[in-house]
Amino acid sequence: MKKFLLQFFTWWNGQTLGTRFHTWRKGTRVGEDEFGNTYYEGGKDSEGRTRRWVIYNGISDASLVPPGWHGWLHHRVDVAPVNENYTPREWQKPHQPNLTGSPAAYRPQGSIANTADRPRVTGDYDAWTPGG
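Letter by letter, the sequence shown follows residues 9 to 140 in the working numbering.
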């Protein structure tokens, strides 16, 4: 019941009722990734391609889509990662959540949001003054 109420009153938790209905009518389940997100395809988009979408497991965060599934969602590849032997490249890093807006967000040195002291001005900068 809690899951239904979250879907009814929020758009950022999993899927909305409209998405649930569309998935039930036209969706064919393609696979699932390591984060529990489920991928579907069905129907046609405005360009005549098969429509593809993801239903997130929990909070909707696009950074939770792995690279292989991202390529499939955006029609960069025709074969879904579950139908091929996809392995990430050695330079691909594991997922890190988007921390923007949270206390753990990146705050560089000199940022107003950073509580550390700002670096001293070194003197290599001359401020512009009008007519000067």
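Glycine included, each C-beta is placed from N, C-alpha and C at the ideal position.
Using alpha carbons as the reference points, say which of the options lies closest to residue i.
| i | options | result |
| --- | --- | --- |
| P102 | Q117, S71, V87 | S71 |
| I63 | K52, G118, D41, R115 | D41 |
| E4 | Q104, W99, W77, E98 | Past the edges of the chain, shown from 9 to 140, lies residue 4, and the structure says nothing about it. |
| Q100 | P74, E49, Y114 | P74 |
| G79 | I67, W61, D69 | W61 |
Given a threshold of 16 other Cβ atoms within 10 Å of its Cβ, counted over all protein chains shown, does residue i qualify as buried or as exposed?
| i | result |
| --- | --- |
| Q23 | buried |
| Y114 | exposed |
| V129 | exposed |
| N106 | exposed |
| P111 | exposed |
Can you give me the C-alpha to C-alpha distance between residue i and residue j, rounded to a whole angstrom?
| i | j | result |
| --- | --- | --- |
| R57 | T31 | 17 Å |
| Q117 | T123 | 9 Å |
| M9 | L25 | 14 Å |
| Y94 | G131 | 53 Å |
| R28 | V85 | 26 Å |
| S119 | G39 | 42 Å |
| Y47 | V87 | 13 Å |
Could you check where the beta strand (DSSP E) with residue i kicks off and where it finishes?
| i | result |
| --- | --- |
| G51 | 46 to 52 |
| G39 | 36 to 40 |
| I63 | 58 to 63 |
Along the chain, where does the alpha helix (DSSP H) that runs through residue i open and close?
| i | result |
| --- | --- |
| G76 | 75 to 81 |
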